[in-house]
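As they're listed, the protein sequences go chains A and B. So the first sequence is numbered by my numbering: it starts at 1 and just counts up by one. So the second sequence is numbered by my numbering: it starts at 336 and just counts up by one. Below you'll find the structure, written out as structure tokens, and then a few comments.
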Amino acid sequence: MSQKSVTDMGKRMRFRENFIKYFSFSTIVILIIFFYSRHQMFLGPANLRTLLSDSAPLIIMAAGMTLVLLLGSIDLSMGAVCSVANVITVQILNGLGAQLGSPALGSVMALLVAVAFGAFAGLTLGCVHVKLKVPSFIASLGFMSLWQSVAYLITPAPVSVAKVMWGGVDWNKITFGVVGLPLILALGWVLVLYVFQSRTSFGRGLLAIGGNERASRIAGIPVDRTKIIVFMITGICAAIGGYFLAAKLRSSAPTVGVPFTLLIVASVALGGTALSGGRGSVLGTVLGVFTVSIIRNGLNFMRVDAYWQDIVFGIFVLGAVTISVDRSIRGVVIK
Amino acid sequence: MAAKQLAAMTITEEFAARVRQEGQRERIMRYAPMLVLFGMILFFVVVCGSAFASVSNMVAILNQLAIPLVVAIGLTFVIMLGGIDLSINGTVGMSCALLGVFVLNNRLPYDFGIFGIMIAVGASLSVGLLIGLIHVYLKVPSFLVSFAFMYICKGIGLLSYSGQPPTIIDPVLAELPKVSFLGIPFITWIALAVLLVCIFIQEYTAFGRYIYAVGTDETILRAVGVSVNKVKVMVFVLAGICFGIAGVLWGIRLGMGEVMVGDGLMFPAQAAVVVGGTSLSGGKGGVIHTIVGVLVMTVLANGLLLMGVNPYIKTGIEGLIILAAVALTVARGPKVISK
């Protein structure tokens with residue numbers, strides 16, 4: 001009798017663990033059929049190309065956020081870091097690229113500086129969180145405010161990429177059929193992170209810390225170092241996202257990353273990563289990103305007021321988080 | 336026997352010494368915000384001179400103080416619980432937008448007069464209620480629930496007037512910003528009234544004492560038989576009311592229903608609460624501490640403006656202040672796990 005209930009519980013747990021992923025997948029299928037039935041053009045090559053290439057920056061950033069959430073922490077500063085990287089990219093491309101006389105070289109330099117900045121932002125956030133024991137959401141909130149102001153200080157208004165420098169961002173326009181180069185690069189990056197997460201001792205340690213930090217510490221996993229490295233990877237992901245956005249929009253804006261904060265959290269939550277840590281994977285996040293992208297694209301396609309998007313994704317975050325929260329342990333104080 | 340007594344003495348002495356040490360630290364923590372405030376005022380008086388230390392600027396500070404004060408008071412109760420409310424941007428904006436929509440305005444045909452104000456505050460109240468219920472009964476961390484509601488509320492606010500903010504043409508509401516009593520603007524009086532009510536709730540009601548107790552250790556309170564869940568939900572409702580009132584005040588001051596008014600409010604409010612000495616781990620601080628915190632943030636913003644500092648630096652400084660204040664007050668030790 002009791003044994004049966006235990007296996008039942010196991011089944012239910014497993015079902016719940018995968019429920020969000022099934023939900024995301026079926027949402028994708030249902031939405032595609034729905035939008036396709038309303039507008040045949042939805043699956044036309046033009047819209048498909050937009051849909052797929054638009055999701056590239058979000059995939060990269062959400063993959064980074066997944067690692068942080070696996071720890072059970074959160075990084076709300078990603079949007080702001082992305083904005084700063086975006087602004088830096090265009091500034092360097094327009095300034096240094098013109099001096100060097102080569103758009104490609106300028107673009108590479110811009111990427112390097114943006115990534116260096118992302119790593120620095122992640123390092124400082126990680127150190128403040130780990131060494132000073134400031135909860136990650138409030139630490140990242142402080143940094144969000146800080147980096148947002150830095151982005152405004154670099155350029156208060158949107159700046160376009162100079163026309164002679166378009167060679168440095170035109171890689172973004174390369175497509176193979178309906179699949180663009182940005183999406184291939186983004187998926188490649190996700191694959192790297194996936195191998196990193198699932199096939200290295202670092203990645204296993206990461207999951208262990210998310211599951212039970214105290215036990216991992218006793219088991220000899222370098223908890224502090226792992227956490228800081230994860231925040232650095234996340235910062236780098238945010239920076240690459242900013243670089244991709246600069247290439248996509250051929251311009252920079254100090255607020256470009258602002259809407260991404262919600263979209264990133266929504267994607268990761270819809271990808272089946274538990275926000276309490278320890279469960280989930282980068283690959284699930286890709287599924288979540290496509291759910292988010294299809295909803296966004298479809299709503300635009302149907303000419304639904306853009307204001308609905310915030311409401312829809314806000315409710316999705318709430319729903320996905322509510323389902324994935326572990327309520328089985330009694331007596332745990334949730335704040 | 337004597338040795339035993341000696342040991343006992345040393346233990347009591349040790350205990351007394353530790354209590355004294357903690358009391359001292361608490362005193363320093365209590366007076367540190369005041370010192371920061373006075374240091375800042377002194378600095379700005381020296382740097383800006385009469386531009387800062389004039390009667391008109393004092394009135395301006397009182398005027399700027401009103402809305403952040405109401406927001407920060409609402410947030411204080413939530414932080415005293417050990418939770419947090421990130422929905423401020425959305426709820427204040429939504430309340431302001433709904434006020435614009437539901438009183439006499441130039442775009443939409445609704446005119447509910449005083450009920451328009453009630454709708455605005457009521458919407459914000461129900462968001463607070465929802466945040467509390469989801470947080471308490473579905474056990475989702477409060478920062479995540481409120482984070483999601485920030486966007487939901489913004490969306491509702493924007494939808495309510497579909498893009499173009501309505502201008503309030505209600506004769507009474509349009510006159511209110513110009514009214515002042517004893518040289519202090521009407522909006523500030525409302526803020527002070529909210530402050531008094533909240534001080535009363537915190538100091539003289541059982542509910543107020545429960546908030547401290549929940550923040551310190553809710554398991555004890557649960558064991559004693561207090562309905563902890565109800566206290567928590569009520570706190571989020573109270574915060575929702577405060578944010579709603581702040582939104583209405585913004586609408587009256589601006590003469591418009593505009594969602595974006597909420598955007599600059601969250602960071603100063605968080606910074607004000609933690610600078611005032613309300614610890615994020617809960618159970619410490621209170622509304623009176625927050626007054627000092629709000630004064631610090633308002634004087635800082637005002638002084639920076641008078642010095643002609645680039646306004647974008649302000650947000651960065653707010654971020655640094657939040658980081659520093661939280662890092663100073665957060666609970667630390669080998670057993671603490673921060674996520």
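By construction, the Cβ of each residue, glycine as well, lies at the ideal position given by its N, Cα and C atoms.
Interface flag, residue i vs chain A, CB-CB below 8 angstroms
| i | result |
| --- | --- |
| B/Y366 | no |
| B/Y647 | yes |
| B/V661 | yes |
| B/T650 | yes |
| B/E653 | yes |
| B/K489 | yes |
| B/Y547 | no |
| B/I414 | no |
| B/L443 | no |
| B/A337 | Low per-residue confidence applies at B/A337: pLDDT is 49, beneath 50, and the placement is therefore not dependable enough to give any value. |
| B/I555 | no |
| B/L473 | yes |
| B/I525 | no |
| B/I469 | yes |
Expected contact under 8 angstroms - CB spacing of residue i and residue j to nearest Å
| i | j | result |
| --- | --- | --- |
| A/A104 | A/G168 | 6 angstroms |
| A/V317 | A/V265 | 6 angstroms |
| B/V568 | B/L468 | 6 angstroms |
| B/I423 | B/L630 | Not confirmed; about 19 angstroms, so no contact. |
| A/I228 | A/C127 | 6 angstroms |
| A/P182 | A/F244 | 6 angstroms |
Contact set between residue i and chain B, taken where Cβ atoms lie within less than 8 angstroms
| i | result |
| --- | --- |
| A/A46 | Going along chain B, no residue has its Cβ under 8 angstroms from A/A46, so there is no contact; the nearest lies around 27 angstroms. |
| A/V128 | L658 and A662 |
Proximity test, Cβ basis, 8 angstroms: residue i and chain B
| i | result |
| --- | --- |
| A/I88 | no |
| A/F19 | no |
| A/S149 | yes |
| A/I221 | no |
| A/S69 | The residue asked about is misnamed: residue 69 of chain A is Leu in this sequence, not Ser. Judged by the 8 angstroms Cβ criterion, A/L69 is not in contact with chain B. |
| A/P158 | no |
| A/Q3 | Confidence at A/Q3 is low in this model, with a pLDDT of 49, below 50, so its placement is unreliable and the value that follows should be read with caution. False, the Cβ-Cβ gap to chain B never drops below 8 angstroms. |
| A/D224 | no |
| A/W171 | no |
| A/L111 | no |
| A/F15 | no |
Option nearest residue i by Cα separation, candidates the options
| i | options | result |
| --- | --- | --- |
| B/F373 | B/M632, B/G543, B/G654 and B/L397 | B/M632 |
| A/G284 | A/L70, A/R225, A/A46 and A/V134 | A/L70 |
| A/L207 | A/M232, A/K131 and A/S73 | A/S73 |
| B/V563 | B/L508, B/Y472 and B/F478 | B/Y472 |
| A/L49 | A/R303, A/F196, A/N172 and A/A219 | The question names Leu, yet the displayed sequence has Arg at residue 49 of chain A. The option with the nearest alpha carbon to A/R49 is A/N172. |
| B/I402 | B/S614, B/I522 and B/M595 | B/I522 |
| B/V549 | B/E538, B/G617, B/Y539 and B/N441 | B/G617 |
| B/A604 | B/F578, B/Y545, B/F387 and B/L397 | B/F578 |
| B/G612 | B/I408, B/G651, B/S459 and B/L434 | B/I408 |
| A/S201 | A/A186, A/K131 and A/P222 | A/P222 |
| B/I536 | B/F412, B/P368, B/A662 and B/E349 | B/F412 |
| A/M61 | A/G257, A/K21, A/F313 and A/A306 | A/G257 |
| A/C82 | A/T234, A/T273 and A/V325 | A/T234 |
| B/K619 | B/G448, B/A351, B/R355 and B/M364 | B/M364 |
Residue i: CB within 7 angstroms of a non-hydrogen atom of the ligand SAH
| i | result |
| --- | --- |
| B/F412 | This structure lacks the ligand SAH, and indeed carries no ligand of any kind. |
Under 8 angstroms by beta carbon: chain A residues contacting residue i
| i | result |
| --- | --- |
| B/Q399 | Going along chain A, no residue has its Cβ under 8 angstroms from B/Q399, so there is no contact; the nearest lies around 19 angstroms. |
| B/I657 | I138, L141, G142 and S145 |
| B/Y539 | The premise fails here: B/Y539 is roughly 26 angstroms from chain A at the closest Cβ pair, so nothing lies under 8 angstroms. |
9 angstroms Cβ cut-off: residues of chain B touching residue i
| i | result |
| --- | --- |
| A/V137 | A small correction: the amino acid at residue 137 of chain A is Phe; Val does not occupy that position in the sequence shown. The contacting residues are I419, L421, P476, F478, L479, F482 and K674. |
| A/L153 | N645, Y647, I648 and G651 |
Neighbouring residues, chain A, relative to residue i (Cβ below 9 angstroms)
| i | result |
| --- | --- |
| B/G620 | What B/G620 touches in chain A: nothing, since even the nearest Cβ is about 15 angstroms away. |
| B/L372 | By Cβ distance, chain A contributes nothing, its closest Cβ being about 21 angstroms from B/L372, past 9 angstroms. |
Where residue i meets chain B, residues with beta-carbon distance less than 7 angstroms
| i | result |
| --- | --- |
| A/F143 | G654 |
| A/Y307 | G490, L493 and L494 |
| A/L275 | L479 |
Partner residues on chain A for residue i, Cβ-Cβ distance less than 7 angstroms
| i | result |
| --- | --- |
| B/L464 | None at all; the shortest Cβ gap to chain A is about 14 angstroms. |
Practice task
Select from the segment 311-324 of chain A all residues with a C-beta closer than 7 angstroms to any C-beta belonging to chain B, and list them in chain order.
Solution key: Taking 7 angstroms as the Cβ-Cβ cut-off against chain B, the residues of the segment 311-324 of chain A that qualify are I311, F313, G314, I315, V317, L318, V321 and T322.
Problem - Residues from the segment 583-614 of chain B in contact with chain A, defined by Cβ distance under 8 angstroms - result: Residues passing the 8 angstroms Cβ filter: F602 and Q605.
Exercise for the section: Note down, in chain order, all residues in the segment 496-515 of chain B with a beta-carbon under 9 angstroms from any beta-carbon belonging to chain A. Expected result: Cβ contacts with chain A: S497 and G498.
Practice task
Closer than 8 angstroms, Cβ to Cβ, to anything on chain B: give me those residues from the segment 248-268 of chain A, in chain order.
Solution key: Only those residues of the segment 248-268 of chain A whose C-beta falls short of 8 angstroms from the nearest C-beta of chain B are listed: L262 and V265.
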